[in-house]
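Peer 1: One structure, as structure tokens, below. Some questions next.
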Amino acid sequence: MGKKRAICILSGGMDSTLCSYIAKNDGYDIIPLHFSYGQKTQKRELQAFRDICSKLKIENKYEINIPFFKDIGASALTDNSIDVPINGIKKGVPVTYVPFRNGIFLSIATAIAEKENAKSIYIGVIQEDSSGYPDCTNKFINHMKQSINEGTKKNTNLDILTPLVNLSKEDIVKKSILLNVPLELTWSCYKKQKKACGLCDSCRLRLKGFKKASIKDKIEYKGIK
């Protein structure tokens, strides 16, 4: 009998990459799943995903295109008429929120899990730095888990695991170093695909985490040495 399988939603960012390494460390045969959904840094995120899969020596992976998010718009990540904010993190649901994105990601991950006979889905949601995203909370994940298991075969019985949900970015940087996660291969910037902008919410949170952990971030930032 083979190892237990887990679907790992892997954007190519720091959080989802650590989450995938944790799943592997937990003894799972991991199957990474990446979504290209019309985000402004789509090509760079896909490159990060592929680089991380190569590092992990993984061939069984999924790259799913879901372009309808651009048709929906209403998010600075997918709508070219809305600028990604660079003025710091504010309270409330930010303009970078993609409507029900994690719900849709988990639904597709569930379909793949049924096909692959996986028993778990790993997703790197974080409550502290979710910037007010309503689909990054434990409450949301628990409700999704209940709905998923109600709408799938009885023997599917999926678990949704969120090992980072209560961690800070500082914790994530430190844990990544402990597990030899190649953070230099990851990409977090919402705006740029060559050098990270250093100003968007995601860059700010990443830089803050590295600074608090007293570790240098090896990726390049525009105007930052």
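Following the working numbering, the residues of the sequence shown are numbered contiguously, the last one being 237. Cβ coordinates follow ideal geometry from the N, Cα and C atoms, glycine included.
(1) Which two residues bound the contiguous alpha helix (DSSP H) that contains E128?
(2) With a 10 Å radius around its C-beta and 16 neighbouring C-beta atoms as the bar for buried, classify G144 as buried or exposed.
(3) Measuring straight from C-alpha to C-alpha, what distance separates S159 and K234?
(4) Using 8 Å as the Cβ pair cut-off and three pairs as the minimum, do the region 13–24 and the region 32–52 touch?
(5) Apart from the five residues just before and just after C65, which ones in its own chain have a Cβ nearer than 6 Å to its Cβ?
(6) Per the DSSP calculation, F47 is bridged to which residue(s)?
(7) Reducing DSSP to helix, strand and coil, say where D229 ends up.
(8) Taking DSSP as the reference, what is the three-state secondary structure of Y40?
(9) Would you kindly work out how many angstroms separate the C-alpha atoms of K166 and S132, rounded to a whole number?
(10) With DSSP as the reference, please indicate the residues paired to R17 in a beta bridge.
(11) Give the range of the alpha helix (DSSP H) segment to which D213 is assigned.
(12) Which full runs of the alpha helix (DSSP H) of 4+ residues lie inside the region 157–200, going along the chain?
(13) Take K224 as the anchor and find which of E182, F152, S188 has the nearest alpha-carbon.
(14) When DSSP builds the beta bridges, which residues end up paired with I236?
(15) Find the nearest neighbour of I46 within the set K52, L58, G39, judged by alpha-carbon distance.
(16) Looking at the unbroken beta strand (DSSP E) that takes in I133, where does it start and where does it end?
(17) When you compare only the Cα positions, how much space is there between G104 and C148?
Peer 2: On the basis of the supplied data:
(1) 113–128
(2) When all chains shown are included, G144 counts as exposed.
(3) 43 Å
(4) In short, these stretches touch, since the Cβ pair count reaches three.
(5) P44, K73
(6) F47 is bridged to I76.
(7) coil
(8) Residue state, collapsed to three classes: coil.
(9) 15 Å
(10) D41
(11) 213–224
(12) 181–190
(13) E182
(14) For I236, the beta-bridge partners assigned by DSSP are Y233.
(15) Reading the sequence as shown, one finds His at residue 46 and not Ile. Minimum Cα distance to H46 is reached at L58.
(16) That run of the beta strand (DSSP E) goes 132–134.
(17) 13 Å
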